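**Student:**
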Amino acid sequence: MKNDFFESHELTPWIFVIGISVIMTLIIGGGAACFLLLLTVHQVLGYFTIGEYLAAGYVLGIVMTISTSITNILIFRGKPKATIINKIYLYFQLAGYFIVLLIFEDDYKWFFMSCSIFSILAGWLISTPRYHSFVAFYEALHKDPVGFRQKLLDRALS
94 MKNDFFESHE LTPWIFVIGI SVIMTLIIGG GAACFLLLLT VHQVLGYFTI GEYLAAGYVL
154 GIVMTISTSI TNILIFRGKP KATIINKIYL YFQLAGYFIV LLIFEDDYKW FFMSCSIFSI
214 LAGWLISTPR YHSFVAFYEA LHKDPVGFRQ KLLDRALS
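Set out below in structure tokens:
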């Protein structure tokens with residue numbers, strides 16, 4: 094391998110914990126943002142029927158889930174540039190929370206806005222060296238699967 098993973102990164106279980114935590118916080122933060130955006134649209138436009146509310150919720154939920162899932166499948170397939178899409182998705186979530194903060198009027202507004210902590214946590218975790226090691230692990234595994242597994246085995250046996 095041109096760039097040896099084991100020389101530049103530390104292989105610990107924490108890199109996988111951080112990687113899965115980023116995926117989970119992106120999905121949870123996106124779901125909360127969808128819910129709050131729908132409440133804000135309902136407040137601005139007026140009456141929603143249950144059917145319209147559920148249809149809009151399902152469509153937004155599917156779009157958010159697919160965008161997170163496909164991006165992270167690309168990361169697992171060794172495409173490190175997909176982290177840029179995760180960051181863009183994160184910025185859309187934060188923009189949604191900002192819109193809710195400006196427009197939504199409710200007594201429990203700040204309680205609802207506490208859901209934005211998931212998006213903020215995902216942004217912080219994406220910037221950590223362990224997440225970069227998580228992405229580099231799958232990139233190295235995809236570039237040379239046999240050589241990477243052999244080095245992993247040699248490292249485990251020594």
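Each residue of the sequence shown is one higher than the one before, starting from 94 at the first, in our numbering. No residue lacks a Cβ here, since even glycine has one placed at the ideal position from N, Cα and C. It should be emphasised that the depicted structure is a prediction, and the values quoted were computed from it without experimental measurement.
(1) As a quick exercise: from Phe205, Ala215, Gly112, Phe98, pick the residue whose alpha carbon is nearest that of arginine 223.
(2) Which stretch, first to last residue, makes up the alpha helix (DSSP H) that contains leucine 104?
(3) Would you report the Cα separation of valine 134 and serine 114, rounded to the nearest angstrom?
(4) Tell me whether the beta-carbon of phenylalanine 211 lies closer than 9 Å to the beta-carbon of leucine 119.
(5) I need the straight-line Cα distance from threonine 142 to alanine 148, nearest angstrom please.
(6) Closest by CA to leucine 129, which one among Gly139, Tyr190, Leu234?
(7) Check whether the Cβ of phenylalanine 227 lies closer than 8 Å to any heavy atom of the ligand SAH, and answer yes or no.
(8) If you drop the 5 nearest sequence neighbours on each side, which residues of the same chain put their C-beta closer than 6 Å to that of glycine 123?
(9) Could you say which of Phe205, Arg170, His225 lies nearest to tryptophan 107 if we only look at CA atoms?
(10) Assuming isoleucine 219 contacts asparagine 165 (C-beta within less than 8 Å), just tell me the rounded distance between them.
(11) Please return the same chain residues whose Cβ sits closer than 7 Å to the Cβ of glutamate 232, not counting the five positions on each side in sequence.
(12) Between isoleucine 168 and valine 228, how many whole angstroms is the CB-CB distance? I'm expecting something under 8 Å.
**Tutor:** Quick answer:
(1) For this step, residue 223 is matched to residue 130 along the sequence shown. Of all alpha-carbon atoms in Phe205, Ala215, Gly112, Phe98, the one lying nearest the alpha-carbon of arginine 223 is that of Gly112.
(2) Residue mapping note: residue 104 aligns to position 11 of the sequence shown, counting from 1. Per DSSP, leucine 104 belongs to no alpha helix (DSSP H) and is neither H nor E.
(3) Your numbering for residue 134 matches position 41 in the sequence shown. Your numbering for residue 114 matches position 21 in the sequence shown. Going from the Cα of valine 134 to the Cα of serine 114 covers about 30 Å.
(4) Within the sequence shown, residue 211 is the residue found at index 118, counting from 1. Within the sequence shown, residue 119 is the residue found at index 26, counting from 1. Yes, the pair counts as a contact, with Cβ atoms nearer than the cut-off.
(5) The sequence position of residue 142 within the sequence shown is 49, counting from 1. The sequence position of residue 148 within the sequence shown is 55, counting from 1. Straight-line Cα distance between these residues: approximately 10 Å.
(6) To locate residue 129, count along the sequence shown from 1; it is residue 36. If we check each option's Cα against that of leucine 129, Tyr190 comes out closest.
(7) The ligand SAH is not part of the structure shown, which contains no ligands of any sort.
(8) Translated into the one-based positions of the sequence shown, residue 123 becomes position 30. The answer, listed in chain order, is Met157, Gln186.
(9) Walking along the sequence shown from the start, residue 107 turns up at place 14. For the residues Phe205, Arg170, His225, the minimum Cα distance to tryptophan 107 belongs to His225.
(10) Working through the sequence shown from its first residue, we reach residue 219 at position 126. Working through the sequence shown from its first residue, we reach residue 165 at position 72. With a Cβ gap of about 12 Å, isoleucine 219 and asparagine 165 do not count as contacting.
(11) Taking the sequence shown and counting its residues from 1, the one referred to as residue 232 is at position 139. Cβ within range, chain order: Gly171, Pro173.
(12) Along the sequence shown, read from residue 1 onward, the residue named residue 168 stands at position 75. Along the sequence shown, read from residue 1 onward, the residue named residue 228 stands at position 135. In this structure isoleucine 168 is in contact with valine 228, their Cβ atoms being roughly 6 Å apart against a cut-off of 8 Å.
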